[in-house]
Amino acid sequence: MDVEGWAEIRRLHQVEQRPNRAIPRQLEISRNTVRRTLNREVAPEYQREPWGSIVDAVELQVRELLQQFPEMPATVIAERIGWSRFYAVVWRRVREPRPT
């Protein structure tokens, strides 16, 4: 159930005083969905799993190189780990706080 659907069900019930059985017929949804929505006090939130990054696969190698050579440029790191993809992704990861 998205936020717009949640708001529409609550509006029909509270503002237009529609009975619980009329709402699912009008919106063509399940009565259980209407019941769950009316029992819920807050709107549902969209939650997405974090995607991660393609650099995550070589993160350990990058960190090891930075431990040994804290001033090593990202271009050299990318070359040493055999990075053949978009360079800026490695650059952003290396630019994060370096070990001292």
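Heads up, the sequence shown is in my numbering, so the first residue is 8 and it goes up one at a time.
Even for Gly, the Cβ is constructed at its ideal location relative to N, Cα and C.
For residue i, count the other beta carbons within 10 Å of its own beta carbon; 16 or more makes it buried, fewer makes it exposed. Which is it?
i	result
ALA85	buried
ILE16	buried
Under a three-way DSSP split, which group does residue i fall into?
i	result
VAL22	coil
GLY12	helix
TYR53	coil
For residue i and residue j, what's the separation of their Cα atoms in angstroms?
i	j	result
TRP90	ARG55	28 Å
ASN27	ARG38	8 Å
GLN68	TYR94	16 Å
GLU52	GLY59	21 Å
Could you say which of the options lies nearest to residue i if we only look at CA atoms?
i	options	result
VAL96	ALA64, GLN74, ALA50	ALA64
VAL49	VAL69, MET8, PHE93, GLU71	MET8
ASN46	HIS20, MET79, TYR94, VAL83	HIS20
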